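**Student:** Protein chains in written order, with our numbering: chain E, 1 to 254; chain Y, 1001 to 1254.
A single structure is presented below for examination.
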DNA sequence: CAGTGGTCTAGACCACACT
DNA sequence: GTGTGGTCTAGACCACTGT
């Protein structure tokens, strides 16, 4: 029985499909294996391709499958744990952080960012683009916003752009005293540029981690907006940033 | 220019639609307002309903819209900040935590949970169901797993189930010394029961927060799996668990 | 080139919330 | 009942990846 309720409400087909496929993945497939193509699978289950796709989409969202246009659908490896909360009390770009500087520029930030930085809406800020690798895969991109007065000695910087300039900006930032930081995680969808870099389609689900860095005096000295692939990443926080346990969240009905 | 690339690759319709709708939401609609129904909107934009729905789905994922069957589509309020990282070093159920006990039982946990708890795969554990309100809304459900030996004095408990039993289990847990905790956040889809409680459809995207609680000696004394509505919640961590800034992540193309 | 997943259409019916 | 969003179909074409 399991459920005490008589099934007066029929389960949607795609939901039932997902259940069946999940069980098949657990028992009959191994990581990296290629599934039959969507048309074959749909025919095999006797549903329209769109319905089959609805099930596959959910499984991809849950990190069980990986789909690539022109290639096929493969069984995804378990999500990788990515430490987000351990670099306690260091500025971005400090000795051992996991990010690689990519580029840097000076521009007017979006209104929402200006509000977070407590700068005027038209004040220019330095931006630093960074990316993060984990297990040989690019898992996140970041856009750092740094108000000009956080890095005053940068007016006569020689490198006009590129990683060199990014490193110079971060180096200046290190000179400040870091008083604290503030983090938020929410669901978003990948912007076109982030998507390209993360090897995903535009709009694919991402975990957006927004971090505010406070300098001595409580002033917001930098704001980081990091975009993590939601399908492959598990963000870890806290004391032991272990990469252990489970591959559970095929959170699913009975 | 912005992009140096000539647009040789046409933007998908649903993506362009999303852009247009986002701008309309920002300028012409206010929170709570009801949008025209899907058939009208699709006709107005000259696309099939399925295409329109693809755009609406993304906007809902980003927390901009709220759709309810039988009712309609409304403009969603900004996401609420929900503090997740502040109850540092207290057991679940301590004085001022944000959770309300719902029920409790004793069962055999899923294999993945047993692994996290470092118990045998067939050892029974206590489970505690809790739910969390924020701003008058149910935003999360939680399932706590507590190995029997974490709460030894519970054999002769009188309440067989319900909130009373849940509170009793948590009370016993308080007697242990908490040594540390461990958190992970990942994307999942709502199980049928969680979905019902969160007033969402099964499979809707959720943020799954897994917390391990370590007792003195490094033993895992409890494991919490909390399921937050991804559409309405922004999980906050760190020093100042402020509920300020931005409503940005309509992360979107140019 | 052939084969894959991604987008899109025009329709149908269902489950649900209001009145 | 009426109107809403949710599910499903059977097709078509497009964009991409490999050979």
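The beta carbon of each residue, even a glycine, is placed where N, CA and C say it ideally should be.
Fair warning: this is a prediction, and the values are worked out from it, not measured in the lab.
Looking at residue 231(E) and residue 116(E), is the spacing between their C-beta atoms short of 8 Å?
**Tutor:** Cβ distance not < 8 Å, so residue 116(E) and residue 231(E) don't count as in contact.
**Student:** Give every residue of the same chain whose Cβ lies closer than 8 Å to the Cβ of residue 120(E), excluding the five residues on either side of it in the sequence, and list them in chain order.
**Tutor:** The residues are 114.
**Student:** Apply the 10 Å Cβ neighbour rule to residue 126(E) and answer buried if 16 or more other Cβ atoms are within range, or exposed otherwise.
**Tutor:** Looking at its Cβ environment, which holds 16 or more other Cβ atoms inside 10 Å, residue 126(E) is buried.
**Student:** For residue 152(E), does the three-state DSSP call read helix, strand or coil?
**Tutor:** Looking at residue 152(E) - three-state DSSP - the assignment turns out to be helix.
**Student:** Quick check on residue 28(E): does DSSP put it in helix, strand or coil?
**Tutor:** In this structure, residue 28(E) counts as helix in the three-state DSSP scheme.
**Student:** Are the beta-carbon atoms belonging to residue 151(E) and residue 173(E) less than 8 Å from one another?
**Tutor:** Yes, these two residues count as a Cβ contact at 8 Å.
**Student:** When Cβ atoms are compared, which residues of the stretch 15 to 37 of chain E fall closer than 7 Å to chain Y?
**Tutor:** Cβ contacts with chain Y come from 15.
**Student:** Below 7 Å between beta carbons is the criterion; list the residues of the stretch 173 to 193 of chain E that meet it against any residue of chain Y, in chain order.
**Tutor:** Hits within the stretch, in order: 180, 181, 182, 183, 184, 185, 186, 187, 188, 189, 190, 191 and 192.
**Student:** Classify residue 89(E) as helix, strand or coil using the three-state DSSP reduction.
**Tutor:** Residue 89(E) falls in the coil class under three-state DSSP.
**Student:** Are the stretch 1182 to 1195 of chain Y and the stretch 1100 to 1115 of chain Y touching by the rule of at least three beta carbon pairs closer than 8 Å?
**Tutor:** Taking 8 Å as the limit for Cβ pairs, the verdict is that the stretch 1100 to 1115 of chain Y does not touch the stretch 1182 to 1195 of chain Y.
**Student:** Cβ closer than 9 Å: which chain E residues qualify as neighbours of residue 1207(Y)?
**Tutor:** Those are 185, 186, 187 and 207, listed as they occur along chain E.
**Student:** Check the Cβ of residue 1058(Y) against every Cβ in chain E and list those closer than 9 Å, keeping chain order.
**Tutor:** Ordered by position in chain E, the residues that pass the 9 Å Cβ test against residue 1058(Y) are 189 and 203.
**Student:** Under 7 Å between beta-carbons, which chain E residues line up against residue 942(Y)? List them in chain order, please.
**Tutor:** Outside the displayed span of chain Y (1001 to 1254) sits residue 942(Y), for which this structure offers no information.
**Student:** From the DSSP output, in three-state form, read off residue 1135(Y) for me.
**Tutor:** Residue 1135(Y) falls in the coil class under three-state DSSP.
**Student:** Which residues, in order along the stretch 1126 to 1153 of chain Y, keep a beta-carbon less than 9 Å from a beta-carbon of chain E?
**Tutor:** Those residues of the stretch 1126 to 1153 of chain Y that come within reach of chain E (Cβ to Cβ, closer than 9 Å) do not exist; the list is empty.
**Student:** Mapping DSSP to helix, strand and coil, what is residue 246(E)?
**Tutor:** No answer about residue 246(E) holds up, because its pLDDT of 43 lies below 50 and its placement is not dependable.
**Student:** Buried or exposed, going by whether 16 or more other CB atoms sit within 10 Å of the CB of residue 1096(Y)?
**Tutor:** Flag for residue 1096(Y) reads exposed.
**Student:** Rounded to whole angstroms, how far is the Cβ of residue 197(E) from the Cβ of residue 141(E), which I believe are closer than 8 Å?
**Tutor:** Indeed, because the Cβ distance is near 5 Å, the residues count as touching under 8 Å.
**Student:** Within 8 Å (strictly less), CB to CB, does residue 1119(Y) reach chain E?
**Tutor:** Chain E contact via Cβ: absent.
**Student:** Using a threshold of 8 Å, state whether the C-beta atoms of residue 190(E) and residue 227(E) are closer than that.
**Tutor:** Taking 8 Å as the Cβ cut-off, residue 190(E) and residue 227(E) qualify as a contacting pair.
**Student:** With 8 Å set as the bound, which would you pick, yes or no: does the beta-carbon of residue 78(E) sit closer than that to a beta-carbon of chain Y?
**Tutor:** No, no contact with chain Y.
**Student:** List the endpoints of the continuous beta strand (DSSP E) containing residue 81(E).
**Tutor:** Taken as a continuous stretch (DSSP letters only), the beta strand (DSSP E) holding residue 81(E) covers 80 to 83.
**Student:** Taking C-beta pairs closer than 8 Å, name the residues in chain E that residue 1234(Y) reaches, listed in chain order.
**Tutor:** Within chain E, the residues near residue 1234(Y) are 184, 185 and 186.
**Student:** What in chain Y is Cβ-close to residue 162(E), meaning under 8 Å?
**Tutor:** Those do not exist, as residue 162(E) stays about 16 Å from chain Y at its closest Cβ, beyond 8 Å.
**Student:** Quick one: which unbroken alpha helix (DSSP H) runs of 4-plus residues sit fully inside the stretch 1151 to 1202 of chain Y? Chain order, please.
**Tutor:** List check, alpha helix (DSSP H) in window: 1162 to 1173 and 1192 to 1197.
**Student:** Report the residue from 1145(Y), 1199(Y) and 1234(Y) whose alpha carbon sits nearest the alpha carbon of residue 1211(Y).
**Tutor:** If we check each option's Cα against that of residue 1211(Y), 1145(Y) comes out closest.
**Student:** For residue 1119(Y), list the residues DSSP reports as bridge partners.
**Tutor:** According to DSSP, which records beta bridges pairwise, residue 1119(Y) is partnered with nothing at all.
**Student:** Would residue 1102(Y) and residue 1032(Y) be called neighbours here (beta carbons separated by less than 8 Å)?
**Tutor:** Cβ distance not < 8 Å, so residue 1102(Y) and residue 1032(Y) don't count as in contact.
**Student:** Give me, in chain order, the residues of the same chain whose beta-carbon lies closer than 6 Å to that of residue 1018(Y); leave out the 5 immediate sequence neighbours on both sides.
**Tutor:** Only 1055 and 1058 meet the Cβ criterion.
**Student:** Can a CB atom of chain Y be found closer than 8 Å to the CB of residue 237(E)?
**Tutor:** It does; some Cβ of chain Y falls within 8 Å.
**Student:** Please identify the residue among 111(E), 147(E) and 112(E) whose C-alpha is closest to the C-alpha of residue 299(E).
**Tutor:** Nothing can be reported for residue 299(E), as the shown portion of chain E is limited to 1 through 254.
**Student:** Any beta carbon from chain E within less than 8 Å of residue 1196(Y)'s own beta carbon?
**Tutor:** It does not; no Cβ of chain E falls within 8 Å.
**Student:** Residue 55(E) lies in the alpha helix (DSSP H); which residues open and close that run?
**Tutor:** Run containing residue 55(E): 49 to 61, per the alpha helix (DSSP H) assignment.
**Student:** Give the DSSP bridge partners of residue 1126(Y), in chain order.
**Tutor:** Residue 1126(Y) is bridged to 1106(Y) and 1146(Y).
**Student:** Name, in chain order, the residues that DSSP records as bridge partners for residue 1096(Y).
**Tutor:** According to DSSP, residue 1096(Y) bridges with nothing at all.
**Student:** Show which residues of chain E have a CB atom less than 7 Å away from the CB atom of residue 1170(Y).
**Tutor:** Ordered by position in chain E, no residue passes the 7 Å Cβ test against residue 1170(Y), which lies about 21 Å from the chain.
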